[in-house]
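Asker: Before I ask anything, here is the structure I am working with.
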Amino acid sequence: MTRPARMSRLSFRRFFLDHALIALLFYHSERNPSMKKITVDLKSAAPAALLALDELKAYLLRIDPEVSFRFGLGGLSLEVSPSLFAERGIALADPDLDDAVCIEVSDGKGRIAGSNPRALLIAVYRFLRENGVRFLRPGADGEIVPRRDVFSLKADLLHAASYRHRGVCIEGSVSFEDVEETVKWLPKLGFNAYFVQFLTPFNFFQRYYGHEWFTAQQQPERLTKTIIEAHIANIAAAANQRGIVWHAVGHGWTCEPLGIPGLGWYRDDTQYPAGVTEKFALVNGKRELWGGVALNTSLCYSNPEVRALMTDAVAQYAAAHREIDVIHFWLADGSNNNCECEGCRQKLPSDFYVEMLNEIDRKLTERGLSTRVVFLVYVDLLWRPAVEKLANPDRFILMFAPISRSYAQPLAAGIGRGETTPYIRNKLVFPKNAGDSVAYLKSWQEVAPTCDSFLFDYHFMWDYIKEPGGYHHARVLFEDMKHLDALGLNGTVSCQNQRVFFPTGLGMRCMADALWDKTLVFEDVCDQYYRDAFGDFHTDIAAYLCRLSETYPADAVRHDAPLDATAAPRFEAAAELCRAILPTLDGFIRTAEDPCIRRNLSVVRMHAVITERNCLLYLRYVTGAEEAAQQAAFDALHAAVCEYAEEMHAAFDPVLYLETVHSNTLGRKRREAPPLEN
Numbered sequence: 243m244t245r246p247a248r249m250s251r252l253s254f255r256r257f258f259l260d261h262a263l264i265a266l267l268f269y270h271s272e273r274n275p276s277m278k279k280i281t282v283d284l285k286s287a288a289p290a291a292l293l294a295l296d297e298l299k300a301y302l303l304r305i306d307p308e309v310s311f312r313f314g315l316g317g318l319s320l321e322v323s324p325s326l327f328a329e330r331g332i333a334l335a336d337p338d339l340d341d342a343v344c345i346e347v348s349d350g351k352g353r354i355a356g357s358n359p360r361a362l363l364i365a366v367y368r369f370l371r372e373n374g375v376r377f378l379r380p381g382a383d384g385e386i387v388p389r390r391d392v393f394s395l396k397a398d399l400l401h402a403a404s405y406r407h408r409g410v411c412i413e414g415s416v417s418f419e420d421v422e423e424t425v426k427w428l429p430k431l432g433f434n435a436y437f438v439q440f441l442t443p444f445n446f447f448q449r450y451y452g453h454e455w456f457t458a459q460q461q462p463e464r465l466t467k468t469i470i471e472a473h474i475a476n477i478a479a480a481a482n483q484r485g486i487v488w489h490a491v492g493h494g495w496t497c498e499p500l501g502i503p504g505l506g507w508y509r510d511d512t513q514y515p516a517g518v519t520e521k522f523a524l525v526n527g528k529r530e531l532w533g534g535v536a537l538n539t540s541l542c543y544s545n546p547e548v549r550a551l552m553t554d555a556v557a558q559y560a561a562a563h564r565e566i567d568v569i570h571f572w573l574a575d576g577s578n579n580n581c582e583c584e585g586c587r588q589k590l591p592s593d594f595y596v597e598m599l600n601e602i603d604r605k606l607t608e609r610g611l612s613t614r615v616v617f618l619v620y621v622d623l624l625w626r627p628a629v630e631k632l633a634n635p636d637r638f639i640l641m642f643a644p645i646s647r648s649y650a651q652p653l654a655a656g657i658g659r660g661e662t663t664p665y666i667r668n669k670l671v672f673p674k675n676a677g678d679s680v681a682y683l684k685s686w687q688e689v690a691p692t693c694d695s696f697l698f699d700y701h702f703m704w705d706y707i708k709e710p711g712g713y714h715h716a717r718v719l720f721e722d723m724k725h726l727d728a729l730g731l732n733g734t735v736s737c738q739n740q741r742v743f744f745p746t747g748l749g750m751r752c753m754a755d756a757l758w759d760k761t762l763v764f765e766d767v768c769d770q771y772y773r774d775a776f777g778d779f780h781t782d783i784a785a786y787l788c789r790l791s792e793t794y795p796a797d798a799v800r801h802d803a804p805l806d807a808t809a810a811p812r813f814e815a816a817a818e819l820c821r822a823i824l825p826t827l828d829g830f831i832r833t834a835e836d837p838c839i840r841r842n843l844s845v846v847r848m849h850a851v852i853t854e855r856n857c858l859l860y861l862r863y864v865t866g867a868e869e870a871a872q873q874a875a876f877d878a879l880h881a882a883v884c885e886y887a888e889e890m891h892a893a894f895d896p897v898l899y900l901e902t903v904h905s906n907t908l909g910r911k912r913r914e915a916p917p918l919e920n
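Position one of the sequence shown corresponds to residue 243 (my numbering), numbered consecutively onward.
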């Protein structure tokens, strides 16, 4: 895996060289009157607007090194103007939250405008995309910037984003640089939000710096709370500079207020005192950590002291972190783990949940805080409250998280075709098909009809790993985003691994484009992406990956079909397909001229090698080979991942890949949390 120190040096070197080149070009332009001059005028002093100007200059210099800039009127105007969109017939419910762009540029003159400073930055990136710049993945090596005459650049676009919430949530195994690069990349594709989970997001960084699955190759590093919080502050500053809506916390409110760390889904064998355990949920006659994991442990919500502890903690945190736009107040993870005491049996968990939400609203109002609060419709909380209602719906955002769903079909395909089941405490069966999943959402919407809302889904947690070709996965993802309005939802925050460009970034492009413009067609977006990423080789790459999606038995790996010997012929065929494509890919890599396209082809090649070994592992699993033979096959897969992990760092999360495949074949491995200092 890539060493963080090395990544830091490379990032610094790239940053220094890029900005040194820009500075040199500016210096040269002041002394070369023959250079092409563009007059620019910035009509906003907001940080995102200032960055929009800087980014426009930097990319135009890369497109045409002969260009120079001067400030003044009559040239290219960058504006933040909500009224402009009202004048053009675009109604925005809230211009601070709803992004719209107006681009009217030709011959180096015109206007680039946004409904807010963040939208202006998005508008600049959209102008660049309209003129051939491609942002294929985070980092400078994921970009394609064509050389053109700056005065040939033009665009005429008036558009409001189809959905308000267009965000990504931290997950997976990440370095601090990975997250910062992701945050910087998001507005380039039109995203506008980022979510850092937990009070201290130790889990995601520990997977990377602890070198999980790679301890034989690298010595684990030791993180401290100080290190994590310092880097999160830097990342938050990058988000703030871009006007990105900053979401925080989620899980943790059921343990941190009790003095129990909520660092991740680690086993905790600590013997807590009676004053703490009496607040745990009573399940099967015991008040103890659920499965030994603090984040999965519900509390005794009928206990007023418990509710006060939790709601006070939220209010205090919001007061101490006014930079946070949206705080997520979630209950415990896990399922069928709610308290069975007599008091808790009097109400549904969701009724106690709404009680606490209303109390949070009261406490935030008393402190004069406008922080918005997300509540979670998820596992046991899929069953709507029977009694309680939100007192101030404007404070809250409903978040629908259908974690048990199948990705065989889009959610919208299930509208009107499913039903809910009665609530039976700790004996719940969760919806798998689209129809039943949507039925629970619709039930909640009946009791919170005016709430803002978004989808919180897991396309890029595990499912993309289970369909290596990525084509059908991208189609379902695209259709899910496109039809969010039919579900009564106003966008998405994707709970996902950050490095999900393995074998390509098609899925991320589909998500971004459908959220931005729901009128787009999947086939058109798909074709354009392959052209952008693979140039002259796009037809062959698209055909190979589509065939891989058709051949590999993803339905069995997802457990939508039996994962048994009946899947063996398809695993064999997929392995052969991966082997057969290698000579073709080698030829493409030798002849590709653009370094980004050549890099993309190399990722597809490494993906083919890894996927072939993936198929051989599953083949041994479904044919009932001895455990030693299965372990040998996993070891061969692990060796290939180790070989390529550093080279594919920006595209591939090897930790979550190995964790997912191992769980599906050899079983889940227990994770132990190392101590977190200070």
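Cβ coordinates follow ideal geometry from the N, Cα and C atoms, glycine included. Only a predicted model underlies this, so the values are computations on that prediction, with no experimental measurement involved.
Looking only at C-alpha atoms, which of PRO627, ALA557, ASN668 sits nearest to ILE602?
Answerer: Here the closest residue by C-alpha is ALA557.
Asker: I'd like to confirm the pairing. Which residues does DSSP put opposite ARG509 in its beta bridges?
Answerer: Answer by DSSP bridge pairing, in chain order: VAL535.
Asker: What are the start and end residues of the beta strand (DSSP E) that includes SER736?
Answerer: 733 to 737 is the span of the beta strand (DSSP E), which, as asked, contains SER736.
Asker: Here's the rule: buried if 16 or more other CB atoms are within 10 angstroms of the residue's CB, otherwise exposed. What is GLN687?
Answerer: Buried is the call here.
Asker: Assuming GLY384 and ALA892 form a contact by the criterion Cβ under 8 Å, report the distance between their Cβ atoms to the nearest whole angstrom.
Answerer: The Cβ separation is near 7 Å, so the contact holds.
Asker: Quick one: grab the DSSP three-state call for ARG840.
Answerer: ARG840 falls in the helix class under three-state DSSP.
Asker: Across the region 743 to 761 and the region 722 to 730, are there enough close Cβ pairs to call them in contact, namely three or more that are closer than 8 Å?
Answerer: As far as the Cβ criterion goes, the region 743 to 761 touches the region 722 to 730, which means the pair count is three or higher.
Asker: Where do the N-terminal and C-terminal ends of the alpha helix (DSSP H) with LYS969 fall, by residue?
Answerer: For the chain, the structure presents residues 243 to 920; residue 969 sits outside this window and is missing.
Asker: Taking 7 Å as the limit between beta carbons, can you name the residues of its chain near THR793, skipping five residues before and five after?
Answerer: Result list for THR793: ARG812, ALA815, ALA816, LEU819, in chain order.
Asker: Which class does ILE666 belong to by DSSP, given the choice of helix, strand or coil?
Answerer: In the structure shown, ILE666 sits in coil (DSSP, three-state: anything other than H, G, I, E or B).
Asker: Tell me, which residues are paired with HIS489 by DSSP?
Answerer: DSSP output for HIS489 lists PHE437, VAL568 as bridge partner(s).
Asker: GLY317 to GLY350, Cα distance in whole Å?
Answerer: Rounded to the nearest angstrom, the two C-alpha atoms are 7 Å apart.
Asker: Compute the Euclidean distance between the alpha carbons of HIS714 and ASP554, then round it to the nearest angstrom.
Answerer: Cα to Cα, the separation comes out at about 45 Å.
Asker: Which residue comes first and which comes last in the beta strand (DSSP E) that contains PHE311?
Answerer: Element bounds for PHE311: 309 to 313.
Asker: Helix, strand or coil for VAL742, going by three-state DSSP, please let me know.
Answerer: Residue state, collapsed to three classes: strand.
Asker: What do you get for LYS521, buried or exposed, if any count of 16 or more other CB atoms within 10 angstroms of its CB means buried?
Answerer: Flag for LYS521 reads buried.
Asker: Between which two residues does the beta strand (DSSP E) harbouring ILE345 extend?
Answerer: Residues 342 to 348.
Asker: Here's a check: name, in chain order, each residue in its chain whose Cβ is nearer than 7 Å to the Cβ of ASN906, leaving out the five neighbours to either side.
Answerer: If we look at ASN906 and ignore the five residues flanking it on each side, its Cβ neighbours are VAL799.
Asker: Mind checking SER348: buried by the 16 CB within 10 Å criterion, or exposed?
Answerer: With fewer than 16 Cβ atoms within 10 Å of its Cβ, SER348 is classed as exposed.
Asker: By DSSP's criteria, ALA458 is part of a beta bridge. Which residues make up the other side?
Answerer: Paired residues: none, contrary to the question.
Asker: Hey, out of GLY712, MET750, ALA342, LEU431, whose CA is closest to SER325's CA?
Answerer: Minimum Cα distance to SER325 is reached at ALA342.
Asker: Pull up the DSSP beta-bridge partners for MET922, would you.
Answerer: Nothing about residue 922 can be reported from this structure: the residues present for the chain run from 243 to 920 only.
Asker: Just curious, the beta strand (DSSP E) that ARG353 is in, first and last residue?
Answerer: Where ARG353 is concerned, the enclosing beta strand (DSSP E) stretches over 351 to 356.
Asker: Taking just the CA atoms, how far does THR734 sit from SER844?
Answerer: Distance between the alpha carbons of SER844 and THR734 is about 31 Å.
Asker: For HIS780, which option in ASP622, ASN668, PRO443, ALA834 has the closest C-alpha, if you only look at C-alpha atoms?
Answerer: Ranking the options by Cα distance to HIS780, first place goes to ALA834.
Asker: Determine whether the beta carbon atoms of ASP567 and VAL491 lie at a separation below 7 Å.
Answerer: No.
Asker: State the CB to CB distance for the pair ILE639 and PHE698, rounded to an integer number of angstroms; the pair is presumed to be in contact (CB under 8 Å).
Answerer: Wrong, their Cβ atoms sit about 10 Å apart, outside the cutoff.
Asker: Less than 7 Å between the C-beta atoms of ALA536 and GLY504, yes or no?
Answerer: In contact: ALA536 and GLY504 (Cβ atoms closer than 7 Å).
Asker: Nearest CA to the CA of LEU441: which residue from GLY494, SER679, LEU918?
Answerer: Considering only alpha carbons, the answer is GLY494.
Asker: Quick check: ILE345 and ALA328, are their CB atoms within less than 7 Å of each other?
Answerer: Taking 7 Å as the Cβ cut-off, ILE345 and ALA328 do not qualify as a contacting pair.
Asker: Go ahead and pull the three-state DSSP assignment for LEU284.
Answerer: Correct three-state label for LEU284: strand.
Asker: Looking only at C-alpha atoms, which of ASP766, LEU859, LEU824, VAL392 sits nearest to MET848?
Answerer: Among ASP766, LEU859, LEU824, VAL392, the Cα nearest to that of MET848 belongs to LEU824.
Asker: Determine the DSSP secondary structure at SER592, reduced to helix, strand or coil.
Answerer: Of the three classes helix, strand and coil, the one that applies to SER592 here is helix, per DSSP.
Asker: Measuring CA to CA, which of TYR508, VAL416, ALA294 is closest to ARG913?
Answerer: Looking at the Cα atoms, TYR508 is the closest of the given residues.
Asker: Given a threshold of 16 other Cβ atoms within 10 Å of its Cβ, counted over all protein chains shown, does GLN459 qualify as buried or as exposed?
Answerer: Exposed.
Asker: Just the Cα atoms here: how many angstroms apart are GLU454 and LEU861?
Answerer: The straight-line gap from Cα to Cα measures roughly 25 Å.
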